[in-house]
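Following: one structure in structure tokens, then a few remarks.
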Amino acid sequence: MIGMGKKLFAILTAVFMLCGCATEMDVPQGEKVVEQCTIKEDLRVRTLAEVWSTAKNYYGYWESLSEIVDWDAAFDQFLPRVMAAKTDDEYVDLMREFTALLHDGHTKYIPFQGYQSNKGSLPIRLEYLDGKIYLMGKNEKVDIELGSELVSVNQEPALDYILTNYGKFVPVLTEPAHTRETMDQFRNDEVGKEITLQFKKEDKSIQEIQLEYSKQNNAITEELSVNMNFDKILYNSQIYTVAPVNDDILYIEIRSFSGGGMDDTFTDIIMPQLENYHACILDVRQNGGGNSRYGDIILQSLSTEGVPPNFGFNSVFYSSMVPYASDNPAFQTNDQMKEAAEKMMKHALYGVEGELSEYVLSQADNWFTMDVPRVLTMPVIVLTSDQTGSAADTFAAKAKIMDNFTLMGLTTHGATGNKYRVKLPDGSYYSLSVDNVYSPEGYCIWNHGIAPDIEVWQTLEDLKNRKDTVLNTAIITLEEILQKESN
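Those letters in the sequence shown? Residues 1 to 487, per UniProt numbering, in order.
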């Protein structure tokens, strides 16, 4: 800890000697050009250094990150760029890009209070489907038919252009999450920037349009989307939608694992409904996570086997103690805490000797049981997508190895575990994962996600007809399973 403090102090001292705290500079004509960035240069440097040091010391996935990113070299590369930032947008984009190098889907940079973005948006919504980019939403400013394929941006292949210019702002590396989120980044850029787009229409003809990023109302008024209307809804809330698909199959959408009392809702309200059916679909495609315990209760309610174990390797500090520094009185007065901190500084974070994957596999058979009101065993298909994340990542990892469960859809987001919101010197924040979470199958979920047993992409043809390809495939699959069981 002392060595790290000296290194950081030396870096900041050298920077301040070189740059001072000036926000103006002389030009040959003797005029003064006032720098537009509202955050002083020294504060920008301190903020960058704080991200560098807290991540270096407390990041739960440090061992994995250090294999693909030279964090010290990244700091050296970003330092002069942050010092030279002339606008708030330039500075904020640099901080977004730097924190994205942690390659953690949990990472999010939140700018300082008072930040006024000069970013505009485009009046279109694009979606990545199985290797191609399609126009899924627009407004009256765009005279292109929905479902057209975007083939080029500024005379470059569309996917290459978007990934090259906007992928640097997307932390997660798991596919297709990285590409999908990069599409969202592409929709926002500097006001006034013009781009040329070429679309391939259904008749194979090419249509070219020019669009400009603006702050005008770019709300999407026309879009292609699936029709999820059911003939009958048995239960609907902020968390759940429960509807019969037919006489045999019950559809249950679980939009989050963060609703208080959602476990009681499932066991006391949904499970009695499920008793009337022979199979079910659990849809967690839009589930961004929450409390993994709620997911465990749902799994236990649908299996007599119990629930696979959790493999979250916490750092020696709880997340509420991050960032933890040598100027904290508790550090100076508590030898045990100091010893733990020194271990953490060496990245001996997990309290496990040897390879984590080997430890996980050695414990993988230690399933546990939970006390739930009733257990129903039946074929279950879990629908997943690249937006299935955090506690839903963990839920999918466990469901995948349970005998009566099948995962269908796309690979999950690949970011789970506890995270902490770190306050930075300029008033901004960034979120930092402090756990290292493994699948019961022995691999790190970070940037890996959970691959489905059956990969199914939404098709453009079905989307044009408002049909849900993944859900319909699940229904057909369950009907075939039930048919075999009845023979």
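Heads up, the beta-carbon is just placed ideally off N, CA and C, and yes, glycines get one too.
### Message
Please report the distance separating the alpha-carbon of Y115 from that of V92.
### Response
9 Å
### Message
Can you give me the C-alpha to C-alpha distance between W71 and I124, rounded to a whole angstrom?
### Response
36 Å
### Query
Is T38 helix, strand or coil by DSSP?
coil
### Task
Classify K467 as helix, strand or coil using the three-state DSSP reduction.
coil
### Task
Starting from the Cα of Y109, find the closest Cα among I481, R421, D468 and C444 and give me that residue.
R421
#### Entry: Exposure label - D458; buried when at least 16 CB within 10 Å
The sequence shown places Gln at residue 458, rather than the Asp named in the question. Buried is the call here.
### Message
So, at 6 Å on beta carbons, what are the nonlocal neighbours of D468 in its own chain, with the 5 sequence-adjacent residues on each side left out?
### Response
V226
### Query
DSSP three-state call for P452: helix, strand or coil?
coil
### Query
With I450 and T377 assumed to form a contact (beta carbons below 8 Å), what rounded beta-carbon distance in angstroms separates them?
Not quite, the Cβ-Cβ distance comes to about 22 Å (not below 8 Å), so this is no contact.
### Task
Rounded to whole angstroms, what's the CA-CA distance from V170 to N276? Just pull it up for me.
44 Å
### Message
Rounding to the nearest angstrom, what Cα-Cα distance links T241 and D231 in this structure?
### Response
13 Å
### Check whether I133 and L122 have beta carbons under 8 Å apart
no
### Beta-carbon gap between V45 and L79 smaller than 8 Å
yes
### Query
R466: buried (16+ other C-beta within 10 angstroms of its C-beta) or exposed?
exposed
### Message
8 Å is my cut-off, CB to CB: does C37 come that close to chain B?
### Response
Absent from the structure: chain B. Only one protein chain is present.
#### Entry: K168, DSSP secondary structure in three states
helix
### Task
Would you mind sorting S292 into buried or exposed? The rule is 16 or more other CB atoms within 10 Å of its CB.
buried
### Query
What is the DSSP secondary structure of L383, reduced to helix, strand or coil?
strand
### Task
Using the Cα positions of I239 and S256, report the straight-line distance between them to the nearest angstrom.
6 Å
### Query
The beta strand (DSSP E) spanning D435 covers which residue range?
D435 to V437
### Task
Find out if the Cβ-Cβ distance for the pair Y61, D88 is shorter than 8 Å.
no
### Query
Going along the chain, which unbroken runs of the beta strand (DSSP E) with 3 or more residues stay wholly within the stretch 186 to 224?
188 to 190, 194 to 200 and 206 to 212
### Query
Taking all protein chains shown into account, do 16 or more other C-beta atoms lie within 10 angstroms of the C-beta of A399, making it buried, or fewer, making it exposed?
buried
### Top-ranked residue by Cα proximity to K193, from G120, K168 and K204
G120
#### Entry: Counted within 10 angstroms of its Cβ, other Cβ atoms place R96 as buried (16 or more) or exposed
buried
### Task
Just tell me which of D365, V434, M83 and C444 has its CA closest to the CA of Y58.
V434
#### Entry: With 16 other Cβ atoms within 10 Å as the buried cut-off, status of E181
buried
### Task
Sort T54, I475 and L135 by Cα distance to F75 and report the nearest one.
T54
### Message
Out of L463, V437, D426 and V307, which one is the CA nearest neighbour of G389?
### Response
V437
### Message
By DSSP's criteria, F405 is part of a beta bridge. Which residues make up the other side?
### Response
V380
### Query
With C-beta atoms as the reference, is I475 less than 8 Å away from V284?
no
### Pick from L482, M408 and P308 that is closest to M402, judged by C-alpha positions
P308
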